[in-house]
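Single-structure report; data block below.
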Amino acid sequence: MGTILIVAELKDGSVREASYELAAFANKIGGDVKSLVIGSGVAGEAESFAKKGGGTVYVADDASLANYNVDGYSAAIRAAIDASGADTVLISNTPTGWDVAPRIAAALDAAFVSDVFNFEDGAYIRRVFNGKLDARVKVAGDKAVVTVQPGALPAFEGSTDGSTETLAVDTSGARAKFVETKVAEAKGVDLTKADVIISGGRGVGDPEKFTEVIQPLAEALGGAMGASRPVVDAGWLPHEYQVGSSGQVVTPKLYVACGISGAIQHLVGMKGSNFIIAINKDPDAPIFEVAQLGVVADLFEVVPALTAALAEAKG
Ligand SMILES: Cc1cc2nc3c(=O)[nH]c(=O)nc-3n(C[C@H](O)[C@H](O)[C@H](O)COP(=O)(O)OP(=O)(O)OC[C@H]3O[C@@H](n4cnc5c(N)ncnc54)[C@H](O)[C@@H]3O)c2cc1C
Numbered sequence: 002m003g004t005i006l007i008v009a010e011l012k013d014g015s016v017r018e019a020s021y022e023l024a025a026f027a028n029k030i031g032g033d034v035k036s037l038v039i040g041s042g043v044a045g046e047a048e049s050f051a052k053k054g055g056g057t058v059y060v061a062d063d064a065s066l067a068n069y070n071v072d073g074y075s076a077a078i079r080a081a082i083d084a085s086g087a088d089t090v091l092i093s094n095t096p097t098g099w100d101v102a103p104r105i106a107a108a109l110d111a112a113f114v115s116d117v118f119n120f121e122d123g124a125y126i127r128r129v130f131n132g133k134l135d136a137r138v139k140v141a142g143d144k145a146v147v148t149v150q151p152g153a154l155p156a157f158e159g160s161t162d163g164s165t166e167t168l169a170v171d172t173s174g175a176r177a178k179f180v181e182t183k184v185a186e187a188k189g190v191d192l193t194k195a196d197v198i199i200s201g202g203r204g205v206g207d208p209e210k211f212t213e214v215i216q217p218l219a220e221a222l223g224g225a226m227g228a229s230r231p232v233v234d235a236g237w238l239p240h241e242y243q244v245g246s247s248g249q250v251v252t253p254k255l256y257v258a259c260g261i262s263g264a265i266q267h268l269v270g271m272k273g274s275n276f277i278i279a280i281n282k283d284p285d286a287p288i289f290e291v292a293q294l295g296v297v298a299d300l301f302e303v304v305p306a307l308t309a310a311l312a313e314a315k316g
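Each step along the sequence shown adds one to the number in the working numbering, with nothing skipped, and position 15 is 16.
Put into structure tokens, the structure is as follows:
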């Protein structure tokens, strides 16, 4: 068994949930687990991560690392690989991960396996062809950089005996300088965190019907609204509501697809949901192939009736 290095990611000063998922993933692979926490003033978070699955946590703590920049972070990751002797590096498949992971793989001449969601019998498993097939990838060399889908595994829970070590990083060669972060105005909920999603497609017909029909059911179930791409392309809802290959990949407990045909680009974003209900008036709609419960009917009859029944049940 080799050594696995988890590159933790921080958001607003805290280690992200996705990094605790990497800790669970590292346990699944099996080996000596070590981690890296990068930032400025992050010693406390590093201590806490060491006790919750991070193992020995290297801390690259420097004012120049307060904000992500690819040169500084690459230098920190390479220093941690040298210090830990890691042969497998786990990075979350997030925008930061997309940016830094291939660079590390290229610099180490290591195998690069991206966007995996599982590990079985020595192989990493990733979806290909828009989710139609699963590829099992075995690493041929002795080093690998692997990016893991957020939400693929439950986060590590429990406590471990980890400790922290300060890591000196030379960031003087950074060729990019952080200027500022502009946070986009939040218009909706974070669909990746919702337990219940009521999604509408082109069959909903117009934006007002989302407010009149879809939203009340989402509210009655304490859930969020989602949408297929034509809804977003038509400007009925903002892009953060879009589920699918060019939108969000969601795994709620309950996903209700209303007036959505079930194109592969939509399915790839929601078929990992725990329970799927499809409401569509076309009995041959492909969405029924992934649904546990299919309702062949007009959504304008079924959805308001469901909302009313829930209101009645709540008294
Ligand atoms: C590169 C690429 C990326 C893409 N990314 C995405 C993506 O991220 N997400 C995504 O969703 N799509 C994506 N698409 C588009 C995708 O291919 C489909 O075109 C899209 O998902 C179809 O959306 P829809 O199901 O809402 O519409 P349609 O396919 O038009 O289906 C509408 C459905 O509503 C039903 N319906 C109509 N009226 C009613 C009613 N009154 N009651 C009940 N049912 C009714 C119809 O029977 C039909 O099945 C992408 C396409 C490409 C090429």
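Built from N, CA and C at the ideal position, the CB exists for glycine as well.
Residue nearest to D135 in terms of C-alpha spacing, selected from D143, A141, N119: The residue given as residue 135 occupies position 134 in the sequence shown. Comparing Cα-Cα distances from D135 to each of D143, A141, N119, the minimum goes to N119.
Y69 - DSSP class collapsed to helix/strand/coil: Sequence index remark: in the sequence shown, residue 69 carries index 68 (1-based). Coil.
Can you tell me whether Q243 is buried or exposed, with buried defined as 16 or more other CB within 10 angstroms of its CB? Counting from 1 along the sequence shown, the entry for residue 243 is found at position 242. Q243 comes out buried.
Would you identify the three-state DSSP class for Q150, choosing helix, strand or coil? The sequence position of residue 150 within the sequence shown is 149, counting from 1. Of the three classes helix, strand and coil, the one that applies to Q150 here is coil, per DSSP.
With the cut-off set at 7 Å, would you say L6 and G40 are in Cβ contact? Against the sequence shown, residue 6 aligns to sequence position 5. Against the sequence shown, residue 40 aligns to sequence position 39. Result no, Cβ atoms of L6 and G40 do not sit closer than 7 Å.
Contact check, D62 vs V43 under 8 Å by CB: the rounded distance? For the purposes of this step, residue 62 is taken as residue 61 along the sequence shown, with counting starting at 1. For the purposes of this step, residue 43 is taken as residue 42 along the sequence shown, with counting starting at 1. Indeed they touch by this definition, with Cβ atoms about 6 Å apart.
Coil, strand or helix - D234 by DSSP: Numbered from 1 along the sequence shown, position 233 holds the residue referred to as residue 234. Here D234 sits in helix by DSSP.
Specify the secondary structure class of G55 as computed by DSSP and reduced to three states. Start at 1 with the first residue of the sequence shown, and residue 55 comes out as number 54. Three-state DSSP puts G55 in a helix.
Excluding the 5 residues flanking L109 on each side, which residues of the same chain have their C-beta closer than 6 Å to its C-beta? Counted from its first residue, the sequence shown places residue 109 at position 108. Closer than 6 Å at Cβ, skipping near neighbours: K144.
Collect the residues with a C-beta less than 5 Å away from any heavy atom of ligand 1 and give them in sequence order along the chain. G202, R203, G204, S229, R230, P231, G245, S246, S247, G248, G260, I261, S262, A264, Q266, H267, N281, K282, D283, A286, D299, L300
Can you check which of these residues, D234, G55, L66, is closest to V90 by C-alpha distance? Walking along the sequence shown from the start, residue 90 turns up at place 89. Minimum Cα distance to V90 is reached at G55.
Assuming the contact rule is C-beta atoms closer than 8 Å, S200 and S229 should be a hit. Round their C-beta distance to whole Å, please. Taking the first residue of the sequence shown as position 1, residue 200 is located at position 199. Taking the first residue of the sequence shown as position 1, residue 229 is located at position 228. Confirmed, Cβ separation roughly 7 Å.
D196 and K254 look like a contact to me (Cβ under 8 Å); what is the Cβ gap, rounded to whole Å? Working through the sequence shown from its first residue, we reach residue 196 at position 195. Working through the sequence shown from its first residue, we reach residue 254 at position 253. The pair is a contact, with the Cβ atoms about 5 Å apart (cut-off 8 Å).
One or two residues paired with G201 in a DSSP bridge: Translated into the one-based positions of the sequence shown, residue 201 becomes position 200. Answer is A228, C259.
Would the region 277 to 297 and the region 208 to 222 be scored as touching if the rule is three or more Cβ pairs under 8 Å? Segments in contact, no.
Is the separation between the beta-carbon of A124 and that of F113 shorter than 7 Å? To locate residue 124, count along the sequence shown from 1; it is residue 123. To locate residue 113, count along the sequence shown from 1; it is residue 112. Their beta carbons are not under 7 Å apart, which means A124 does not touch F113 by this criterion.
Would T4 pass as a contact of G73 if the rule is Cβ separation under 7 Å? Sequence index remark: in the sequence shown, residue 4 carries index 3 (1-based). Sequence index remark: in the sequence shown, residue 73 carries index 72 (1-based). In this structure, G73 does not lie closer than 7 Å to T4 by Cβ.
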